[in-house]
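J.: Taking our numbering, I'd label the letters of the sequence shown as residues 33 to 159. Sharing a structure below in structure tokens format, with a few things to ask.
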Amino acid sequence: MDDKELLLLAEEIKKNSYSPYSKFRVGAAVLMKSGKTYQGVNIENASFGATVCAERTAIFKAVSEGERKIEAVAITSDSDELTFPCGICRQVIAEFGDENTRIICANNRGEFKVFKLAELLPNAFIF
Ligand code: THU
């Protein structure tokens with residue numbers, strides 16, 4: 033699975049975003065080292081702090097199925113700008129990825145740039 037194919041999975045799932053408060057739909061897809069992929073969307077809540085980002089939905093689906101190692105994560109939204117993972121999601125990617133984990137950040141036209149985790153979260157905290 034290449035980066036463009038992973039992004040297509042993120043774009044496909046975005047329609048399921050539950051975002052009545054922000055109206056900001058996000059879709060994500062994660063490729064695990066096993067070769068399996070998992071899709072996720074942001075899921076908001078009336079108690080805003082209970083909201084979960086699309087990246088963490090996808091990653092937690094994978095981890096709860098027994099997966100542990102991330103190869104790449106793709107993220108997209110309805111924005112004209114590239115969508116980047118928030119700080120909490122970067123930390124979660126660090127937990128299950130490594131400095132070379134690819135993060136594919138896309139806009140609403142399917143244009144994307146690929147970053148390594150080390151670029152987006154230098155000196156990550158690992159326990
Ligand atoms: N959101 C994500 O799903 N991923 C990110 O990396 C950034 C933010 C969601 C959370 C919330 O539902 C909406 O975008 C606005 O912050």
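By construction, the Cβ of each residue, glycine as well, lies at the ideal position given by its N, Cα and C atoms.
Around the C-beta of residue 53, are 16 or more other C-beta atoms found within 10 angstroms, so that it is buried, or is it exposed?
T.: Classification of residue 53: exposed, given that the 10 Å Cβ count is below 16.
J.: Which residues bound the beta strand (DSSP E) around residue 144?
T.: It spans 144-148 - the beta strand (DSSP E) in which residue 144 sits, taken as one unbroken run.
J.: According to the Cβ coordinates, are residue 75 and residue 105 closer than 8 Å?
T.: No. Outside cutoff.
J.: My output table needs one value for residue 137: the three-state DSSP class, helix, strand or coil.
T.: Residue 137 falls in the strand class under three-state DSSP.
J.: Per DSSP, which one or two residues make a beta bridge with residue 62?
T.: Beta-bridge pairing links residue 62 to 70, 105.
J.: Please state whether the Cβ-Cβ distance between residue 108 and residue 39 is less than 8 Å.
T.: The answer is yes: Cβ separation under 8 Å.
J.: Check whether the segment 89-100 touches the segment 63-71, taking contact to mean three or more Cβ pairs, one atom from each stretch, closer than 8 Å.
T.: Judged by Cβ distances under 8 Å, the segment 89-100 makes contact with the segment 63-71, as three or more pairs qualify.
J.: Return the chain-ordered list of same chain residues with a C-beta closer than 6 Å to the C-beta of residue 121, the five sequence neighbours on each side being excluded.
T.: Contacts found: 85, 87, 88.
J.: So does residue 51 have its beta carbon nearer than 7 Å to some heavy atom of the ligand THU?
T.: Yes, the beta carbon of residue 51 sits closer than 7 Å to at least one heavy atom of the ligand THU.
J.: Within 10 angstroms of its Cβ, does residue 145 collect 16 or more other Cβ (buried), or is it exposed?
T.: So residue 145 ends up on the exposed side.
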